[in-house]
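Take a look at the structure below.
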Amino acid sequence: MIINGGLVKMVFLVYDSPQVDNDAFYQWPLGVATYRDFPKIPPDSVDVTKEREYTCNFLGTVYPDSSRTTLMEIIDQYQLRKICKVVPRYEWVPNETAESLDNYIESLETSDLTLNPVGKNTECYRIYEAMSLGSVPVIEDIATQGMCHSFSLRLFKKHKAPVIYVKNWKQLKDVMNQESKLSTNEKIQRRKLIIDWYDSFKLRMRNEFIHILQTRFFNIKER
Numbered sequence: 000m001i002i003n004g005g006l007v008k009m010v011f012l013v014y015d016s017p018q019v020d021n022d023a024f025y026q027w028p029l030g031v032a033t034y035r036d037f038p039k040i041p042p043d044s045v046d047v048t049k050e051r052e053y054t055c056n057f058l059g060t061v062y063p064d065s066s067r068t069t070l071m072e073i074i075d076q077y078q079l080r081k082i083c084k085v086v087p088r089y090e091w092v093p094n095e096t097a098e099s100l101d102n103y104i105e106s107l108e109t110s111d112l113t114l115n116p117v118g119k120n121t122e123c124y125r126i127y128e129a130m131s132l133g134s135v136p137v138i139e140d141i142a143t144q145g146m147c148h149s150f151s152l153r154l155f156k157k158h159k160a161p162v163i164y165v166k167n168w169k170q171l172k173d174v175m176n177q178e179s180k181l182s183t184n185e186k187i188q189r190r191k192l193i194i195d196w197y198d199s200f201k202l203r204m205r206n207e208f209i210h211i212l213q214t215r216f217f218n219i220k221e222r
């Protein structure tokens, strides 16, 4: 880094980090997991008016002694498998099969909420993938151990993402109670809102990236 006598002017980092200062280090969103063949979903291709079969979904790896284990206990305690699609696995796999990917995408398309417990990091691909298909992420808002900054999910909060935050999964019962009170039209409008927000968020991040390059490398200032 130039600030340490090196050649690199700046770095864009994924995941929350105490290094992010918007000078030498900038944060960049994960986006969807294209490396696992998750498709780029055109916003106008999602039918937000179609009734969704499930209230929520969780398809993911459950790690021992993690909040994901707590989430599974809460799901069973409140019998949420009756209204939610829940498919846990207990070993992480780096790649999806065609069948598992199709099943995952279908779960997002047919659920109004997508549960996002922390894993190795607070931010995960699932959040973006859910938004691209109009499923509102329910995000566990805690910092993970290690180098993650205590102010987690910085970009979502800065840009006022229309997601649902929980501090622990005991709050899931309240989330489900609120969900049961929504009308069909309210759910349709919320699906549209989350898709539109994500589409505009990507545009804002692209413009911010271009602006940083212009000002830092070409000294092009805003008029």
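Residue numbers 0 to 222, in numbering that gives the first Met the number 0, belong to the letters of the sequence shown in order.
From the three backbone atoms N, C-alpha and C, an ideal C-beta is built for every residue, glycine too.
Residue pairing for Y25: DSSP places it in a beta bridge opposite F11.
Scanning K49, M175, T121 for the CA closest to the CA of C55 turns up M175.
Bounds of the alpha helix (DSSP H) holding T69 are 66 to 76. Around the Cβ of V10, a 10 Å sphere holds fewer than 16 other Cβ atoms; the residue is exposed. Approximately 13 Å separates the beta-carbon atoms of K84 and S99; this is outside 8 Å, ruling out the contact. Using a C-beta cut-off of 8 Å, the segment 44 to 51 makes no contact with the segment 60 to 67, since fewer than three inter-stretch Cβ pairs fall below that distance. C-alpha of G118 to C-alpha of Y164: approximately 15 Å in a straight line.
Under DSSP, E139 takes part in a beta bridge, and its partners are V165. Excluding the 5 residues flanking it on each side, R190 has same chain C-beta neighbours closer than 7 Å at V47, G133, in chain order. Taking K186 as the centre and dropping the five residues before and after it, the same chain places the C-beta of D111 closer than 6 Å to its C-beta, in chain order.
Here DSSP, grouped into helix, strand and coil, assigns L192 to helix. CA-to-CA, the gap between P93 and A32 works out to about 11 Å. Under the three-state reduction of DSSP, V174 is assigned to helix. DSSP places F57 in no alpha helix (DSSP H) but in the uninterrupted beta strand (DSSP E) bounded by 53 to 60. Cβ atoms of N120 and V137 stay farther apart than 8 Å, at about 17 Å. Nearest neighbour of S199 by Cα position, chosen from P41, F216, D173, turns out to be P41. Contact annotation: K39 and S179 have beta-carbon atoms that are not nearer than 9 Å. The segment 7 to 24 makes contact with the segment 200 to 220; the number of CB pairs closer than 8 Å reaches 3 or more. E95 places its beta carbon less than 9 Å from that of Y103.
Residue burial annotation: F217 is exposed, with fewer than 16 other C-beta atoms found within 10 angstroms of its C-beta.
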